[in-house]
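A.B. asks: Numbering (the working numbering), first residue to last: 42 to 813. Idealized CB from N, CA, C, for every residue including glycine.
As structure tokens, then:
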């Protein structure tokens with residue numbers, strides 16, 4: 042009975058299991074403690090529960106074993122091999138020192154042990170990467186627990202412990218290897234993510250004060266490029282995979298620990314490497330964090346915008362840029378993260394994170410001007426408003442200028458060593474932007490097709506909705522045609538060589554060209570290969586759209602071949618490049634399957650290009666099977682074999698976003714993905730979003746003798762480009778709207794517009810003074 046318990050008996054009894062689980066102070070009463078009596082749960086006392094920590098006598102037993110081992114070592118004079126002796130040292134003193142060290146080690150193990158990282162050995166790293174690459178499910182690779190009900194948190198989700206590494210500088214490779222890594226970065230990665238001014242970066246590396254701020258960036262470069270270092274130089278490194286994984290963890294922990302531009306640059310390199318290596322599930326969380334962090338650092342708006350901001354000014358996290366070079370570097374960091382955000386949205390079907398409410402940024406300057414430190418003022422780039430993008434709202438064709446005249450910039454004075462400053466009230470010159478800016482534009486066009494067309498809900502049985510949806514198709518189509526038409530002549534050619542006999546294609550401009558063609562494919566393929574039930578409701582220009590898709594894929598193959606043939610054999614290719622090649626090859630497969638024609642030879646050419654990209658990415662010392670280009674290549678070959686072996690197999694036209702496995706865990710295969718053609722919706726990825734009123738693509742006004750967007754006007758502009766652009770909305774209630782829209786789309790003049798960027802209309806001998 043409770044009343045018969047003495048205080049000594051209550052104190053000696055351990056807490057009940059329920060109180061220990063809830064971390065409550067147990068009254069230790071029988072048969073029920075106070076808490077268990079109150080909440081009505083069972084109360085049980087585990088009298089035989091062992092106390093945590095070492096057992097009594099464990100240290101003494103270990104000491105005796107060490108002494109016996111020492112005696113055996115020092116007395117084995119007649120052994121099979123000569124064991125070095127130390128006559129000047131007392132064996133007893135050595136044993137005592139060893140025991141003291143052992144006692145200290147055991148003392149550190151007595152508290153509750155922390156879960157250590159699981160990637161401490163190369164075998165663990167390769168095991169995890171194989172699981173992420175989809176070679177085998179993790180449940181098959183990991184050892185089975187004797188208790189099947191026990192959760193394996195450590196194996197499934199390895200933790201990153203802060204004590205896994207020491208100071209940043211002490212964990213970097215030697216200076217020779219580090220210099221080789223930096224050189225490789227500027228030759229292989231910088232062309233695709235140009236976020237560093239090379240002269241400024243190397244100058245900061247030599248400055249001890251600035252070097253400390255670059256440690257996280259250097260770790261990111263080690264993670265991305267240590268595998269590409271010459272094997273003779275890296276011969277002294279024990280485990281390259283372990284070093285790279287360690288550097289990645291350092292970058293992730295350090296990058297999330299504070300708000301600095303260097304942290305964004307380092308995390309951007311991590312995303313570039315993770316995406317290209319096929320570890321997409323590790324990259325997307327970082328991309329999501331980067332899109333928010335650029336807003337916290339106010340990199341999504343221009344510095345002069347801070348003076349005319351809201352009444353409640355956001356808290357500044359960065360000091361003002363020292364000069365225009367640093368300001369442009371920050372601008373390029375933002376646009377690189379912007380590209381990652383758009384690429385994530387296009388490849389996954391997710392919504393974009395950076396919207397028109399967040400972005401008020403000028404385009405990046407021409408790379409040559411930035412390299413030569415020539416200060417210029419570039420135009421703003423408008424992001425379409427998603428909040429007013431419901432199908433039925435017209436996307437106005439003509440952009441609206443909101444800053445046609447630039448005010449003088451007083452922040453950077455001539456006294457700082459920069460001879461050129463924009464004059465007061467100087468109009469923006471479109472020659473100030475370069476290849477990277479056009480890549481930003483083309484990437485945003487690709488995102489617009491996904492956001493404002495493919496992600497829109499549409500019921501094909503509703504003639505009114507179909508009419509509005511086809512009107513959106515027409516608007517986006519004309520936008521893309523206009524972008525190609527008014528592309529300045531010197532940027533229509535991706536060859537940047539000054540010698541007519543030498544081909545040196547700019548990576549970003551080449552990517553901008555094939556991204557434009559990919560936008561055309563994604564826009565037209567739903568029209569070109571519709572479900573059969575759609576044709577019972579509406580007459581679509583399926584033949585002209587199919588020709589557009591075929592032509593875009595063929596020209597992408599030609600441009601890719603030109604680039605691959607004239608780029609160094611050890612150069613790598615951006616993941617967006619591989620995605621464009623994959624989409625082009627896939628649409629040829631869809632065309633072959635849909636129309637029962639012969640498969641175009643460009644399909645095999647594009648597949649071989651992906652194989653080459655995979656080999657270049659993995660370098661000569663690593664396998665090719667895991668990276669993104671290899672996954673795209675394997676997926677294409679798998680689809681081809683399914684089409685060959687199964688006559689009833691139906692390819693999902695819009696299934697590209699669900700076919701690639703991310704990490705082998707929880708990924709859907711193409712058999713698990715619902716067929717879009719079996720539903721009444723084009724996409725059901727969330728609420729409908731598009732644009733009714735939007736910012737301009739370019740801020741400069743139409744100059745005399747020039748076309749819209751401040752570019753050179755094409756000599757012959759089809760009249761169809763102006764169709765439907767005079768008003769801000771159209772009447773969606775008209776019973777003949779669907780008929781009217783389809784008649785425009787079926788018009789010969791509309792179908793014969795020049796939509797595709799090809800090699801035939803490019804002048805590869807053109808002189809381009811600056812490159813990006």
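Could you check the C-alpha separation between residue 656 and residue 483 for me, to the nearest Å?
C.D. replies: Roughly 27 Å separates the two Cα atoms.
A.B. asks: For a test of the three-state rule: what should DSSP assign to residue 406, helix, strand or coil?
C.D. replies: Strand, per DSSP.
A.B. asks: Figure out for me which residue from 682, 412, 313, 300 has the closest Cα to the Cα of residue 240.
C.D. replies: Checking every option, the nearest Cα to that of residue 240 belongs to 412.
A.B. asks: Given this structure, state the Cα-to-Cα distance separating residue 692 from residue 474, to the nearest angstrom.
C.D. replies: C-alpha separation (whole angstroms): 41 Å.
A.B. asks: So, using beta-carbon positions, are residue 650 and residue 629 closer together than 8 Å?
C.D. replies: No, they are not a contact pair.
A.B. asks: From 242, 269, 268, pick the residue whose C-alpha is nearest to that of residue 256; which is it?
C.D. replies: For residue 256, the nearest C-alpha among the options comes from 242.
A.B. asks: Using a Cβ distance threshold of 8 Å, determine whether the segment 224-236 contacts the segment 306-318, with at least three qualifying pairs required.
C.D. replies: Touching, per the Cβ criterion.
A.B. asks: Relative to the C-alpha of residue 415, which residue among 228, 369, 591 is closest?
C.D. replies: Of 228, 369, 591, the residue nearest in Cα terms is 369.
A.B. asks: Could you give the first and the last residue of the continuous alpha helix (DSSP H) run that contains residue 310?
C.D. replies: Per DSSP, residue 310 belongs to the alpha helix (DSSP H) from 302-317.
A.B. asks: Once you ignore the five residues that flank residue 362 on each side, which residues in its own chain have a CB closer than 6 Å to its CB?
C.D. replies: Hits under 6 Å: 368.
A.B. asks: What first and last residue would you give for the alpha helix (DSSP H) that runs through residue 239?
C.D. replies: 239-247 is the span of the alpha helix (DSSP H), which, as asked, contains residue 239.
A.B. asks: Which word fits residue 432, buried or exposed, when buried means at least 16 other C-beta atoms lie within 10 angstroms of its C-beta?
C.D. replies: It is buried - the Cβ of residue 432 has at least 16 other Cβ atoms within 10 Å.
A.B. asks: Check residue 428 in the structure and name its three-state DSSP category.
C.D. replies: Residue 428: strand per DSSP, three-state reduction.
A.B. asks: With a CB to CB cut of under 6 Å and the five nearest residues on each side skipped, what residues in its chain are close to residue 244?
C.D. replies: None.
A.B. asks: Below 6 Å CB to CB, which residues in the same chain sit around residue 478 once its five sequence neighbours on both sides are set aside?
C.D. replies: Only 404, 405 meet the Cβ criterion.
A.B. asks: To the nearest angstrom, how far is the alpha carbon of residue 682 from that of residue 293?
C.D. replies: Roughly 40 Å separates the two Cα atoms.
A.B. asks: Can you tell me which of the three DSSP states residue 713 falls into?
C.D. replies: In this prediction, residue 713 has a pLDDT of 42, which is less than 50 and means its spatial position is unreliable; what the coordinates show is noted afterwards. Coil at residue 713, not helix or strand.
A.B. asks: Please report the Cβ distance between residue 624 and residue 562, rounded to the nearest whole angstrom; I am assuming they are in contact, meaning their Cβ atoms lie under 8 Å.
C.D. replies: Right, the Cβ-Cβ distance comes to about 6 Å (below 8 Å), so this counts as a contact.
A.B. asks: Short of 6 Å in beta carbon distance, which residues of its chain neighbour residue 677, apart from the five on each side in sequence? Order them along the chain.
C.D. replies: Excluding sequence neighbours, residue 677 sits near 626, 648.
A.B. asks: With a CB to CB cut of under 7 Å and the five nearest residues on each side skipped, what residues in its chain are close to residue 262?
C.D. replies: The answer, listed in chain order, is 222, 223, 226, 310.
A.B. asks: On the three-pair Cβ rule with 8 Å, is the segment 784-799 touching the segment 550-570?
C.D. replies: At 8 Å Cβ cutoff, the stretches touch.
A.B. asks: What's the gap between the Cα of residue 61 and the Cα of residue 55?
C.D. replies: In a straight line, the C-alpha of residue 61 is about 9 Å away from that of residue 55.
A.B. asks: For residue 79, count neighbouring C-beta atoms within 10 Å of its own C-beta (all shown protein chains included) and say buried if the count is 16 or more, exposed if not.
C.D. replies: Residue 79 should be labelled exposed.
A.B. asks: Would you kindly work out how many angstroms separate the C-alpha atoms of residue 822 and residue 417, rounded to a whole number?
C.D. replies: Residue 822 is absent from the structure shown; the chain starts at 42 and stops at 813.
A.B. asks: Touch check for the segment 592-606 and the segment 571-580: three-plus C-beta pairs under 8 Å?
C.D. replies: Too few Cβ pairs lie closer than 8 Å, so no.
A.B. asks: In angstroms with no decimal places, state the Cα-to-Cα distance between residue 547 and residue 476.
C.D. replies: Whole-angstrom Cα-Cα distance: 7 Å.
A.B. asks: Rounding to the nearest angstrom, what Cα-Cα distance links residue 472 and residue 698 in this structure?
C.D. replies: Spanning the two alpha carbons is a distance of roughly 36 Å.
A.B. asks: Using the C-alpha atoms, what's the distance from residue 687 back to residue 410?
C.D. replies: Each residue's Cα considered, the two are about 56 Å apart.
A.B. asks: Can you give me the C-alpha to C-alpha distance between residue 800 and residue 282, rounded to a whole angstrom?
C.D. replies: Taking the straight line from one Cα to the other gives about 41 Å.
A.B. asks: Give me, in chain order, the residues of the same chain whose beta-carbon lies closer than 6 Å to that of residue 67; leave out the 5 immediate sequence neighbours on both sides.
C.D. replies: Excluding sequence neighbours, residue 67 sits near 56, 57, 60, 74.
A.B. asks: Return the bridge partner residues of residue 474 from the DSSP annotation.
C.D. replies: Answer is 406, bridged to residue 474.
A.B. asks: DSSP on residue 297, reduced to helix/strand/coil?
C.D. replies: Three-state result, residue 297: coil.
A.B. asks: Could you tell me if residue 114 is buried or exposed, where buried requires 16 or more neighbouring beta carbons within 10 angstroms of its beta carbon?
C.D. replies: The residue in question, residue 114, is exposed, as its Cβ has fewer than 16 Cβ neighbours within 10 Å.
A.B. asks: Would you list, in sequence order, the uninterrupted alpha helix (DSSP H) runs of no fewer than 4 residues that lie entirely inside the segment 633-660?
C.D. replies: Listed in chain order, the complete alpha helix (DSSP H) runs (minimum 4 residues) inside the segment 633-660 are 642-659.
A.B. asks: Skipping 5 residues on each side, what residues in its chain have a beta carbon closer than 6 Å to that of residue 76?
C.D. replies: For residue 76, where only same-chain residues beyond five positions count, the Cβ hits under 6 Å are 60, 65.
A.B. asks: Evaluate residue 83 with the Cβ neighbour count: other Cβ atoms within 10 Å of its Cβ, from every protein chain shown; 16 or more gives buried, anything less gives exposed.
C.D. replies: Classification for residue 83: exposed.
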